[in-house]
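Input: a single structure, listed below in structure tokens.
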Amino acid sequence: MATLVLEDFFPYQLTHLQALVTNNIAQIYTGQFELTPQQWRVLAVLGNNSPLSAKEISIQANLEKMPTSRAIIGMLEQKLLLRSAHDGDKRSSLLSLTKKAETIYQQLVPLALKREQELLSVLTTKEQQQIKTMFEKLAIQSRSLGK
1 MATLVLEDFF PYQLTHLQAL VTNNIAQIYT GQFELTPQQW RVLAVLGNNS
51 PLSAKEISIQ ANLEKMPTSR AIIGMLEQKL LLRSAHDGDK RSSLLSLTKK
101 AETIYQQLVP LALKREQELL SVLTTKEQQQ IKTMFEKLAI QSRSLGK
């Protein structure tokens, strides 16, 4: 009978690493900026692509519908998002960042990118490219196996 050593199991290792990295980056946006992880993702998505519907944000942020909805509601209450009519779909609205949120975004992004570089600093430039390539290959394989 085959045995499974959880610490050696790739999905476990990946999940463990993801949690460590996420918690490390979260120190930046949860502390000074008082954002939840989901709000940070919404902010990051809208900082690059705006306006978007909640559904589009959910897809780009890789969040389920409910966490996306909660993040948006919280951000609307904090006056971080503007809601406008969606000409193409009367059932939904478009969301964009307020000036306050844009200021937070401009302050937060350099800090997040600096932390990313600090995390990646243990890898050579070649290793960083290799890991990116490996992630892309694994994503493609995972999608093909999930069909």
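The opening residue of the sequence shown carries number 1 in full-length UniProt numbering; numbering runs sequentially from there.
Built from N, CA and C at the ideal position, the CB exists for glycine as well.
A quick note: this is a predicted structure, and the numbers were derived from the prediction, not measured.
(message) Could you compute how far the alpha carbon of Leu80 sits from the alpha carbon of Ala44?
(response) For the purposes of this step, residue 80 is taken as residue 80 along the sequence shown, with counting starting at 1. For the purposes of this step, residue 44 is taken as residue 44 along the sequence shown, with counting starting at 1. Rounded to whole angstroms, Leu80 to Ala44 spans 12 Å at the Cα level.
(message) Suppose the cutoff is 6 Å on Cβ atoms and the five residues either side in sequence are ignored; what does the same chain contact list for Gln128 look like?
(response) Position 128 of the sequence shown holds residue 128. Here the set comprises Leu120.
(request) Return the first residue and the last residue of the alpha helix (DSSP H) that Ser69 is part of. (result) Here residue 69 is taken as the residue at index 69 of the sequence shown, counted from 1. Counting along the chain, the alpha helix (DSSP H) containing Ser69 begins and ends at 65 to 77.
(request) Taking Leu58 as part of the beta strand (DSSP E), name the residues at either end of that continuous run. (result) In the sequence shown, the residue the question calls residue 58 occupies position 58. The identity of residue 58 in the sequence shown is Ser, whereas the question assumes Leu. Run containing Ser58: none in the beta strand (DSSP E); it sits in the alpha helix (DSSP H), 54 to 61.
(request) Could you tell me which residues DSSP pairs with Ser93 in its beta bridges? (result) As a working mapping, residue 93 is identified with position 93 in the sequence shown. Ala85.
(message) Could you check whether the segment 29 to 41 touches the segment 60 to 74, counting it as contact only if at least three pairs of C-beta atoms, one from each stretch, sit closer than 8 Å?
(response) yes
(message) Leu94 and Leu63 - do their beta-carbons sit closer together than 9 Å?
(response) For the purposes of this step, residue 63 is identified with residue 63 of the sequence shown, where counting begins at 1. For the purposes of this step, residue 94 is identified with residue 94 of the sequence shown, where counting begins at 1. No, the pair does not count as a contact, with Cβ atoms beyond the cut-off.
(message) For the alpha helix (DSSP H) containing Phe135, name the first residue and the last one.
(response) Along the sequence shown, one-based indexing puts residue 135 at 135. Counting along the chain, the alpha helix (DSSP H) containing Phe135 begins and ends at 125 to 145.
(message) Counting C-beta neighbours from all protein chains within 10 Å, is the total for Ala54 16 or more, i.e. buried, or is it exposed?
(response) The residue you call residue 54 lines up with position 54 of the sequence shown. Per the 10 Å Cβ criterion, buried.
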